[in-house]
Amino acid sequence: MSRIEEADVVIIGGGITAAMVAEKLTEEHDVDVIIVEAGTHSSPFDDRFAHRQRYMDYGENPWPDDHIEDQYADGIMSRSMVVGGQALHWGGTTPRYTPEDFRHHSMFGIHQDWPVDYETMDPYYQEAEERIGIAGEQGPEPLDPRGAPYPMPAVPLSWTLERLREWVNEAGVPTWSNPVSKNTVPWRGRNVCQRCDTCNVCPTGAKYTPEFSFQQMLAAGRIRLHPRTIIRRLELADGSDQIHAAVGRSYDDPETDVIYRAKTFVLAAGYTWSPHLLLLSAQGRFSEGLANSSGCVGRYMAGHRNVGAMVDLPMRLLPGMFFGHSLISKYFQRPTAAGGPGLPNGFMRHDFRVWESTAARGPRLRDEAGSLLLGDDLMADWRTRTATGTARLRGYYDIIPDRDSRVSLHASQRNRFGDPLPQLDFRDAPVSRDLRGATEASISALFERLAAAAGGTVTRTFADETQDHPGGGCRMGDDASDSVVDSWGRTHDHDNLFVVGAPTMVSGGCNNGTLTFSALSLRSAEEIGREYPAHATP
Ligand SMILES: Cc1cc2nc3c(=O)[nH]c(=O)nc-3n(C[C@H](O)[C@H](O)[C@H](O)COP(=O)(O)OP(=O)(O)OC[C@H]3O[C@@H](n4cnc5c(N)ncnc54)[C@H](O)[C@@H]3O)c2cc1C
Ligand code: SF4
Numbered sequence: 001m002s003r004i005e006e007a008d009v010v011i012i013g014g015g016i017t018a019a020m021v022a023e024k025l026t027e028e029h030d031v032d033v034i035i036v037e038a039g040t041h042s043s044p045f046d047d048r049f050a051h052r053q054r055y056m057d058y059g060e061n062p063w064p065d066d067h068i069e070d071q072y073a074d075g076i077m078s079r080s081m082v083v084g085g086q087a088l089h090w091g092g093t094t095p096r097y098t099p100e101d102f103r104h105h106s107m108f109g110i111h112q113d114w115p116v117d118y119e120t121m122d123p124y125y126q127e128a129e130e131r132i133g134i135a136g137e138q139g140p141e142p143l144d145p146r147g148a149p150y151p152m153p154a155v156p157l158s159w160t161l162e163r164l165r166e167w168v169n170e171a172g173v174p175t176w177s178n179p180v181s182k183n184t185v186p187w188r189g190r191n192v193c194q195r196c197d198t199c200n201v202c203p204t205g206a207k208y209t210p211e212f213s214f215q216q217m218l219a220a221g222r223i224r225l226h227p228r229t230i231i232r233r234l235e236l237a238d239g240s241d242q243i244h245a246a247v248g249r250s251y252d253d254p255e256t257d258v259i260y261r262a263k264t265f266v267l268a269a270g271y272t273w274s275p276h277l278l279l280l281s282a283q284g285r286f287s288e289g290l291a292n293s294s295g296c297v298g299r300y301m302a303g304h305r306n307v308g309a310m311v312d313l314p315m316r317l318l319p320g321m322f323f324g325h326s327l328i329s330k331y332f333q334r335p336t337a338a339g340g341p342g343l344p345n346g347f348m349r350h351d352f353r354v355w356e357s358t359a360a361r362g363p364r365l366r367d368e369a370g371s372l373l374l375g376d377d378l379m380a381d382w383r384t385r386t387a388t389g390t391a392r393l394r395g396y397y398d399i400i401p402d403r404d405s406r407v408s409l410h411a412s413q414r415n416r417f418g419d420p421l422p423q424l425d426f427r428d429a430p431v432s433r434d435l436r437g438a439t440e441a442s443i444s445a446l447f448e449r450l451a452a453a454a455g456g457t458v459t460r461t462f463a464d465e466t467q468d469h470p471g472g473g474c475r476m477g478d479d480a481s482d483s484v485v486d487s488w489g490r491t492h493d494h495d496n497l498f499v500v501g502a503p504t505m506v507s508g509g510c511n512n513g514t515l516t517f518s519a520l521s522l523r524s525a526e527e528i529g530r531e532y533p534a535h536a537t538p
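When you line the sequence shown up against our numbering, it's residues 1 to 538, in that order.
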């Protein structure tokens with residue numbers, strides 16, 4: 001049994017990168033778009049306030065059905081498979097990469113340059129910031145280069161974060177308000193942030209999540225969205241290297257093949273599932289996977305690790321008012337830019353973040369003995385516990401991915417349809433492995449120096465074992481023999497198949513990556529759009 005669906009463009013995956021591609025394409029072109037998403041709709045906006053309340057009262061998951069039981073991978077991964085993807089759960093922290101992130105080879109003589117540079121990406125970064133809605137503060141030049149101002153004024157710093165900013169700035173590290181996808185003015189039909197600090201489930205819509213884009217496009221009749229439908233393989237046209245169909249199954253009608261036909265196929269399924277689908281689709285002369293004549297599909301998986309610390313400070317801090325917000329610095333990310341500290345360890349660079357900490361210091365209604373605190377007693381208790389303060393520091397550092405940093409097909413684990421599941425194995429290239437100890441020691445020494453500058457002490461340092469904000473698996477490049485897609489995300493092997501966002505990264509940068517994934521996706525959408533007529537009036 002089979003059912004056929006046809007469109008100009010079929011987008012596989014319904015996360016933030018799919019939202020960016022669909023928004024731009026359908027805003028600028030006459031084009032019929034279907035988005036196919038394996039997951040379901042979770043917590044529609046009208047129900048969100050109630051879900052948040054139950055989360056606060058009983059600790060219930062505010063995002064029911066946000067994953068698919070038999071879709072998982074061995075290795076560290078996010079299980080989110082849902083309309084909106086992982087960004088339904090994201091923190092909304094949206095710094096840009098810096099120029100160095102795109103130029104490892106020409107600047108440091110290691111790894112590879114990306115086929116795009118920061119200057120090329122600047123307008124796409126700006127467009128992503130406007131579509132998502134980013135509130136940010138311009139950092140000092142040249143640490144934070146940008147072609148135009150942030151779309152929205154920065155989220156205001158709490159009194160405590162202002163004190164922490166004074167501390168690190170006086171110690172020589174310039175910091176500024178971290179850019180976030182939280183509205184400080186009404187934006188694209190969404191509300192303003194109320195600083196209520198429950199950002200993993202935002203009741204006002206002030207934090208951008210991709211299902212807002214989908215709802216708006218659906219209401220305007222600009223897309224068709226097929227949730228609960230998983231694509232199992234891509235098929236080549238007879239005697240051609242073009243993709244002819246994407247074949248899937250609906251979880252609501254699991255016996256029937258759904259065959260999607262389109263002129264253009266866009267793989268927006270994230271860093272695990274995009275290379276996985278290409279490997280699953282091996283056929284004909286592409287016996288090792290579609291788009292894989294280079295052998296690079298599933299390789300060079302990239303991300304960054306972090307070193308963190310808790311610092312006790314001899315200063316009064318009053319934490320607990322918008323504690324999710326933070327300070328950022330690119331001082332150690334742009335070490336050779338004017339005013340930067342230079343490169344202490346070869347090519348290694350890291351970002352720098354500062355948060356307040358409510359640990360044992362937030363206002364409370366009961367004391368240690370469980371007695372109720374009211375009025376003056378409550379204030380006296382808080383004053384006593386906040387005579388000194390605690391800060392949390394973190395640095396994400398640059399890792400060069402090994403060729404064997406991989407997603408591959410698992411030898412035995414399969415989903416309900418009998419398809420092999422992915423296996424993830426992240427590995428540092430030798431050049432990063434050799435520098436790991438020195439880098440982590442250098443970041444720890446920075447934390448010690450900052451603590452000492454205020455007469456404080458580092459009480460705990462921790463180094464993460466896993467890589468955050470992963471990407472790769474379909475890396476971009478100008479040379480088709482060692483990359484999967486070109487700088488636009490078009491696969492070298494199939495001219496009507498694009499891979500967008502995270503999987504196309506060459507290296508993992510050293511801060512949160514989703515703004516970069518979104519900007520890359522908008523650049524892909526520009527190229528895809530050239531095939532379709534522009535709207536007469538935008
Ligand atoms: C808790 C959390 C906090 C985070 N915070 C931040 C942050 O503050 N800043 C930041 O930059 N990043 C953050 N991230 C990371 C960020 O959310 C992701 O980088 C981003 O959402 C990835 O978007 P994507 O479109 O590439 O992929 P995804 O969001 O993974 O979307 C891909 C979608 O494709 C679907 N799919 C996969 N395979 C198929 C198939 N075969 N057929 C149909 N559909 C398929 C999946 O179900 C999924 O919904 C966070 C992530 C998590 C989990
Ligand atoms: S502080 Fe409240 S309103 Fe603002 S983004 Fe977070 S949850 Fe939404």
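Each residue gets a CB set at the ideal place from its N, CA and C atoms; glycine is no exception.
What you are looking at is a predicted structure, and each value in this text was computed from that prediction instead of being measured.
Ligand 2 heavy atom lying under 7 Å from the CB of residue i
i: Arg190; result: no
i: Ala87; result: no
i: Gln194; result: yes
i: Asp197; result: yes
i: Ala206; result: yes
i: Pro203; result: yes
i: Lys263; result: no
i: Lys182; result: yes
DSSP three-state assignment for residue i, whether helix, strand or coil
i: Ile68; result: coil
i: Thr120; result: helix
i: Pro538; result: Per-residue confidence for Pro538 stands at a pLDDT of 49, beneath the threshold of 50, marking its modelled position as unreliable; no derived number is given.
i: Leu378; result: helix
i: Glu526; result: helix
i: Thr358; result: coil
i: Glu440; result: helix
i: Gly85; result: helix
i: Asp425; result: strand
i: His494; result: coil
i: Glu531; result: coil
i: Phe286; result: strand
i: Pro401; result: strand
i: Ser518; result: helix
i: Met505; result: coil
i: Glu28; result: helix
i: Val431; result: helix
C-beta atoms of residue i and residue j nearer than 8 Å
i: Gly437; j: Asp101; result: no
i: Gly501; j: Ala268; result: yes
i: His244; j: Ile35; result: no
i: Leu278; j: Gly295; result: no
i: Ile328; j: Pro95; result: yes
i: Val550; j: Val431; result: With the chain covering 1 to 538 only, the question about residue 550 has no answer from this structure.
i: Ala148; j: Ser177; result: no
i: Tyr396; j: His304; result: yes
i: Thr175; j: Arg188; result: no
i: Gly489; j: Leu520; result: yes
i: Gly133; j: Arg190; result: yes
i: Gly473; j: Val266; result: no
i: Ser274; j: Pro64; result: no
i: Glu37; j: Val83; result: yes
i: Arg228; j: Thr40; result: yes
i: Arg433; j: Thr386; result: no
Residues bridged to residue i [DSSP beta-bridge criterion]
i: Arg366; result: Leu372
i: Val458; result: Val311
i: Ala237; result: Partner(s): none; Ala237 has no beta bridge.
i: Glu6; result: Arg261
i: Ser281; result: According to DSSP, which records beta bridges pairwise, Ser281 is partnered with nothing at all.
i: Ile11; result: Ile35, Val266
i: Arg353; result: Ile328, Arg394
i: Ser408; result: Gln423
Residue i: CB within 7 Å of a non-hydrogen atom of ligand 1
i: Ser483; result: no
i: Ser78; result: yes
i: Glu69; result: no
i: Met505; result: no
i: His304; result: no
**OP:** Let me know the beta strand (DSSP E) ranges lying completely inside the stretch 129-169, each 3 residues or longer, listed in chain order.
**Re:** none
**OP:** Quick one: which unbroken beta strand (DSSP E) runs of 3-plus residues sit fully inside the stretch 176-220? Chain order, please.
**Re:** none
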